[in-house]
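Here's the structure we're looking at; comments come further down.
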Amino acid sequence: MLTHVPMLAHGNARNVLIIGAGDGGVLKHVLMHKGVEKAVMAEIDGEVIRLSKEFLPNIGAGAWTDPRAEVIVGDGIDYVRKAPDASFDVIIVDSTDPIGVGEVLFTDAFYKNAARILTDKGVIVNQCGVPFIQADELRETSERRAQFFSHVTAYVAAVPTYVGGYMTLGWAGKDPALTALAPDVLKARAEAAGITGKSAYWTPEIHAAAFHLPPYIAQHLPK
22 MLTHVPMLAH GNARNVLIIG AGDGGVLKHV LMHKGVEKAV MAEIDGEVIR
72 LSKEFLPNIG AGAWTDPRAE VIVGDGIDYV RKAPDASFDV IIVDSTDPIG
122 VGEVLFTDAF YKNAARILTD KGVIVNQCGV PFIQADELRE TSERRAQFFS
172 HVTAYVAAVP TYVGGYMTLG WAGKDPALTA LAPDVLKARA EAAGITGKSA
222 YWTPEIHAAA FHLPPYIAQH LPK
């Protein structure tokens with residue numbers, strides 16, 4: 022859901038930036054999409070990559086050697102700051118909570134630069150915690166993004182390893198239509214991308230429904 026939802030909502034993502042996700046899982050799922058020309062992954066901890074390749078090889082699988090992949094061991098914040106304007110269609114942030122070392126990925130400075138390097142239809146997504154017990158995380162992160170993006174919302178996914186119900190995934194972009202696509206449109210895009218039947222969770226119907234938030238979650242988003 023962290024990957025396929027923004028990729029298919031955009032519909033023509035050629036250049037994708039991944040920050041974190043050092044196990045290679047997001048990279049693998051991004052590269053499932055046939056239209057992707059380049060996927061850059063910036064992971065600050067090279068040991069995460071090394072250990073994932075050694076002990077969790079199925080997560081990244083062949084993504085590490087895909088010619089479209091560029092894996093950078095370095096600071097994603099610095100990469101975003103230096104990247105050219107309008108150079109990415111989708112940014113996926115797979116990080117820790119906004120506490121300690123992960124906090125810099127939830128700052129005004131980061132979101133300002135993320136908005137700058139995204140194309141007109143570009144979107145950025147990141148995990149925003151479980152709102153049943155982490156409502157402040159969703160609310161504060163959404164308020165920050167709203168300073169730099171005209172359309173800010175969230176969508177949900179069930180993650181059994183997290184206590185408290187739905188996990189929220191924050192969404193920010195410029196085009197609200199991207200979060201209101203009909204299942205038949207999403208089905209056609211999945212077929213064109215070559216991912217139909219390759220996900221154990223994503224379906225066009227689940228994708229569309231994920232943006233219909235219960236009130237206890239929606240109340241924490243910008244009005």
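Here the working numbering = 1-based position in the sequence shown + 21.
We treat Cβ as the ideally placed atom computed from N, Cα and C, and that holds for glycine.
Every value quoted in this text rests on a predicted model; they were computed, and no experiment measured them.
{"query": "Apply the 10 Å Cβ neighbour rule to ILE154 and answer buried if 16 or more other Cβ atoms are within range, or exposed otherwise.", "result": "exposed"}
{"query": "Just the Cα atoms here: how many angstroms apart are ARG137 and ASP110?", "result": "11 Å"}
{"query": "Does the pairing of the region 192-201 with the region 212-228 give three or more beta-carbon distances under 8 Å?", "result": "no"}
{"query": "Which same chain residues, not among the five before or five after ALA135, have their C-beta less than 7 Å away from its C-beta?", "result": "VAL101, ILE112, ILE145"}
{"query": "Just checking, does the region 41-48 make contact with the region 153-172 on the three C-beta pairs under 8 Å criterion?", "result": "no"}
{"query": "Just to check my reading of the structure: ASN147 and GLY191 have Cβ atoms closer than 8 Å, yes? What is that Cβ distance to the nearest angstrom?", "result": "5 Å"}
{"query": "Does ASP66 come out as helix, strand or coil in the three-state DSSP assignment?", "result": "coil"}
{"query": "For ILE70, is the beta carbon positioned less than 7 Å from some heavy atom of the ligand ATP?", "result": "Among the components of this structure there are no ligands whatsoever, and the ligand ATP is therefore not found."}
{"query": "Considering only C-alpha positions, which residue in the set ASP99, PHE169, ALA178 is nearest to TYR132?", "result": "PHE169"}
{"query": "Measure the C-alpha to C-alpha separation of ASP129 and ALA104 and round it to an integer number of angstroms.", "result": "17 Å"}
{"query": "List the whole-angstrom C-beta distance separating ALA60 from ALA90, where the pair is believed to meet the contact cut-off of C-beta under 8 Å.", "result": "5 Å"}
{"query": "With DSSP run on the structure shown, which of helix, strand or coil describes ASN33?", "result": "coil"}
{"query": "Counting only runs of 4+ residues fully inside the region 182-243, write out the alpha helix (DSSP H) ranges in chain order.", "result": "204-214, 225-231, 236-239"}
{"query": "Take every Cβ of the region 201-221, pair it with every Cβ of the region 162-178, and state whether three or more of those distances are shorter than 8 Å.", "result": "no"}
{"query": "Name the DSSP bridge partner or partners of GLU164?", "result": "In DSSP, GLU164 forms no bridge with anything."}
{"query": "At 4 residues or longer, what runs of the alpha helix (DSSP H) sit wholly inside the region 77-109?", "result": "78-81, 97-103"}
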